[in-house]
Amino acid sequence: SAVISQKPSRDICQRGTSLTIQCQVDSQVTMMFWYRQQPGQSLTLIATANQGSEATYESGFVIDKFPISRPNLTFSTLTVSNMSPEDSSIYLCSVTGTGGSGVDTGELFFGEGSRLTVL
Amino acid sequence: DQQVKQNSPSLSVQEGRISILNCDYTNSMFDYFLWYKKYPAEGPTFLISISSIKDKNEDGRFTVFLNKSAKHLSLHIVPSQPGDSAVYFCAASGPGGGADGLTFGKGTHLIIQP
Numbered sequence: 001s002a003v004i005s006q007k008p009s010r011d012i013c014q015r016g017t018s019l020t021i022q023c024q025v026d027s028q029v030t031m032m033f034w035y036r037q038q039p040g041q042s043l044t045l046i047a048t049a050n051q052g053s054e055a056t057y058e059s060g061f062v063i064d065k066f067p068i069s070r071p072n073l074t075f076s077t078l079t080v081s082n083m084s085p086e087d088s089s090i091y092l093c094s095v096t097g098t099g100g101s102g103v104d105t106g107e108l109f110f111g112e113g114s115r116l117t118v119l
Numbered sequence: 001d002q003q004v005k006q007n008s009p010s011l012s013v014q015e016g017r018i019s020i021l022n023c024d025y026t027n028s029m030f031d032y033f034l035w036y037k038k039y040p041a042e043g044p045t046f047l048i049s050i051s052s053i054k055d056k057n058e059d060g061r062f063t064v065f066l067n068k069s070a071k072h073l074s075l076h077i078v079p080s081q082p083g084d085s086a087v088y089f090c091a092a093s094g095p096g097g098g099a100d101g102l103t104f105g106k107g108t109h110l111i112i113q114p
């Protein structure tokens, strides 16, 4: 499985500011995703980060609030814009697993997450 | 409306005994099911998965059972060990697995008692 590194691992932010989370993978991966886990809730898919094109957002998430970049097959960023206390969550980068043949295995692998607290 | 439900927020099991974690789903289009384990301050770690064409998949101490007619799956851990104490998430997807996006339950906190 790929090694996924996220930065920052945690941060405390002021209301109205924006924060960019970075996700670096140690190998090229086909698909990268951003998930959110609000306190006491399940993990929720925010968007699929597409290499070289605009991200594909799930219902309830919009590009103005969560702009995403994916300049290559190993790196992506998620920005949480104009933050409010409701954005306090763990944000997780994930990638599809790849078997020896390069075919996606079906599983998702996750980074360690970025815990954001908005005051 | 939650499509994947884990109705037990927590479960306490004695070391050496069997742990059974349950998960129910409502979307009959789900085709692939996964279990993840999460320790505090770490990302979820993939444990085991099962396709809807099977009713059982086993990997060492971990076995997942799928009952499609009941829209129910369970994860059995036997024997339970102290290192199994973690939050376990059930997840489901279409036939493409994670590439389709996963729908997660809220998790069950498993506590293994010595």
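First to last, the protein sequences are chains W and R. Each residue of the first sequence is one higher than the one before, counting from 1 in the numbering used here. Each residue of the second sequence is one higher than the one before, counting from 1 in the numbering used here. Think of the CB as a built atom: it goes at the ideal place given N, C-alpha and C, for glycine as much as any other residue.
Burial state of residue i, where buried means 16 or more other Cβ atoms lie within 10 Å
i, result
"residue 59 of chain W", "exposed"
"residue 63 of chain W", "exposed"
"residue 3 of chain W", "exposed"
"residue 93 of chain R", "buried"
"residue 39 of chain R", "exposed"
"residue 70 of chain W", "buried"
"residue 37 of chain R", "buried"
"residue 99 of chain R", "buried"
"residue 84 of chain W", "exposed"
Sequence-distant residues of its chain with Cβ nearer than 7 angstroms to residue i (five each side left out)
i, result
"residue 102 of chain W", "Note on residue 102 of chain W: pLDDT 45, under 50, position unreliable in the model; the coordinate value appears next. Counting only Cβ-Cβ distances below 7 angstroms, and skipping sequence neighbours, we find nothing."
First and last residue of the uninterrupted beta strand (DSSP E) at residue i
i, result
"residue 59 of chain R", "56–59"
"residue 71 of chain W", "68–72"
"residue 7 of chain R", "Segment: none, residue 7 of chain R is in no beta strand (DSSP E) and carries neither H nor E."
"residue 86 of chain R", "86–93"
"residue 49 of chain W", "43–49"
"residue 25 of chain W", "19–25"
"residue 10 of chain W", "10–13"
Same chain only: Cβ atoms within 6 angstroms of residue i, ignoring 5 sequence neighbours per side
i, result
"residue 117 of chain W", "12 and 88"
"residue 90 of chain W", "37, 113 and 115"
"residue 51 of chain R", "32"
Sequence-distant residues of its chain with Cβ nearer than 8 angstroms to residue i (five each side left out)
i, result
"residue 3 of chain R", "25, 26, 27, 30, 92 and 103"
"residue 39 of chain W", "88 and 89"
task = Closer than 9 angstroms, Cβ to Cβ, to anything on chain W: give me those residues from the segment 19–53 of chain R, in chain order.
result = Of all residues in the segment 19–53 of chain R, 32, 34, 36, 38, 41, 42, 43, 44, 45, 46, 49 and 51 have a Cβ within less than 9 angstroms of some Cβ in chain W.
Discussion item. What are the residues in the segment 30–52 of chain W lying within 9 angstroms of chain R by C-beta distance?
Written reply: Going along the segment 30–52 of chain W in chain order, one finds 30, 31, 33, 35, 37, 40, 41, 42, 43, 44, 45 and 48 with a Cβ nearer than 9 angstroms to chain R.
| query | Using 8 angstroms as the threshold, is the segment 83–97 of chain W in touch with the segment 105–112 of chain W, meaning 3 or more CB pairs across them? | reply | These segments touch.
Discussion item. What are the residues in the segment 66–98 of chain W lying within 8 angstroms of chain R by C-beta distance?
Written reply: Answer in chain order: 92, 94, 96 and 97.
Is it the case that the segment 69–83 of chain R contacts the segment 11–24 of chain R, given that we only count it when at least three CB pairs across the two stretches are under 8 angstroms? By the Cβ criterion, the segment 11–24 of chain R is in contact with the segment 69–83 of chain R, since at least three pairs of Cβ atoms, one from each stretch, lie closer than 8 angstroms.
- [ ] Mind checking the segment 102–114 of chain R against chain W and listing, in chain order, the residues whose C-beta falls within less than 9 angstroms of any C-beta there?
- [x] Answer set for the segment 102–114 of chain R: 102, 103, 104, 105, 106 and 107.
Exercise for review: Please list the residues of the segment 57–82 of chain R that have a C-beta atom closer than 9 angstroms to any C-beta atom in chain B, keeping them in chain order.
Suggested key: The chain labelled as chain B is not found among the protein chains of the depicted structure, namely W and R.
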